[in-house]
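Input: a single structure, listed below in structure tokens.
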Amino acid sequence: MQDDLIRMAPLFMGLDDQEYQLVDDEFRAATAPADTFLFRAGNPGEALYLVQRGFVRLTTPTGQNIATLGPGSILGEDGLFRGASNDVNAVTVGELEYAVLTDRQLRDILLEHPSIGIKLSKNFGALPVQIEDYLVQLLAHTPELSTLPRHSLGAVASALRPM
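Using my numbering, you'd call the opening residue of the sequence shown number 73 and step up by one each time.
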């Protein structure tokens, strides 16, 4: 079921079968009871959440309802991909079955398979910060930049934009 939901999610459109499988293998199944915060506004984006069964309510920091999302919905991508804080709260409505992909898992995937990062960036509309690890690695092997410290390479990587 998780694989089918990943294939239907617009964020993952364009991945080939092997890439879908790589992503699917890293998602971890989880459950949460009613009224559980998956994430809170103001906290760093740390994971992607794929709703499998149940519903999640998105609210403003003041508690105003924005939307209720169900099976097949992806949550948390905005804060995660921008390396920023979440703008909204995500609260379970009843018991929830979901799959989670952490920032670390995504970074590991993109380090080994940067083509997935490029496809995600096209679908998301921006380059995910997780691709910076891969870019830093490439820049470190460029003769002209190989003597720069990692933090400088990180600054260069974060300034790069896809063409």
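Beta carbons are placed, not taken as given, at the ideal position from N, Cα and C, and that holds for glycine.
Query raised in the report: For the putative contact between Thr126 and Val165, defined by C-beta atoms under 8 Å, what is the C-beta separation to the nearest angstrom?
Result: The count along the sequence shown starts at 1 and reaches residue 126 at position 54. The count along the sequence shown starts at 1 and reaches residue 165 at position 93. In the sequence on display, residue 126 carries Gly and not Thr. The beta-carbon distance between Gly126 and Val165, rounded to whole angstroms, is 7 Å. This is short enough to meet the 8 Å contact definition.
Query raised in the report: For Ala113, which of Arg129, Pro105, Thr103 and Ala106 has the nearest alpha-carbon?
Result: Taking the sequence shown and counting its residues from 1, the one referred to as residue 113 is at position 41. Nearest C-alpha to Ala113: Arg129.
Report task. Could you tell me the distance, in whole angstroms, from the CA atom of Asp96 to the CA atom of Ala119? Result -> Here residue 96 corresponds to residue number 24 of the sequence shown, with the count starting at 1. Here residue 119 corresponds to residue number 47 of the sequence shown, with the count starting at 1. Within the model, the alpha-carbon separation for Asp96 versus Ala119 is close to 14 Å.
Query - N-terminal and C-terminal residue of the alpha helix (DSSP H) that Arg125 is part of - result: Taking the sequence shown and counting its residues from 1, the one referred to as residue 125 is at position 53. Segment Ala119 to Thr131 is the beta strand (DSSP E) holding Arg125; no alpha helix (DSSP H) there.
Query raised in the report: Applying the criterion that 16 or more other CB atoms from any shown protein chain within 10 Å of the CB defines a buried residue, is Leu149 buried or exposed?
Result: As a first step, residue 149 must be located in the sequence shown, where it is residue number 77. Inspection of the sequence shows that residue 149 is occupied by Glu rather than by Leu. Buried, because 16 or more other Cβ atoms sit within 10 Å of the Cβ of Glu149.
Query - Beta-carbon proximity check, Asp76 vs Val163, cutoff 8 Å - result: Along the sequence shown, one-based indexing puts residue 76 at 4. Along the sequence shown, one-based indexing puts residue 163 at 91. No, Cβ-Cβ distance for Asp76 and Val163 is not below 8 Å.
Query raised in the report: Over what stretch of residues does the beta strand (DSSP E) that includes Leu87 continue unbroken?
Result: Within the sequence shown, residue 87 is the residue found at index 15, counting from 1. DSSP places Leu87 in no beta strand (DSSP E); its state is neither H nor E.
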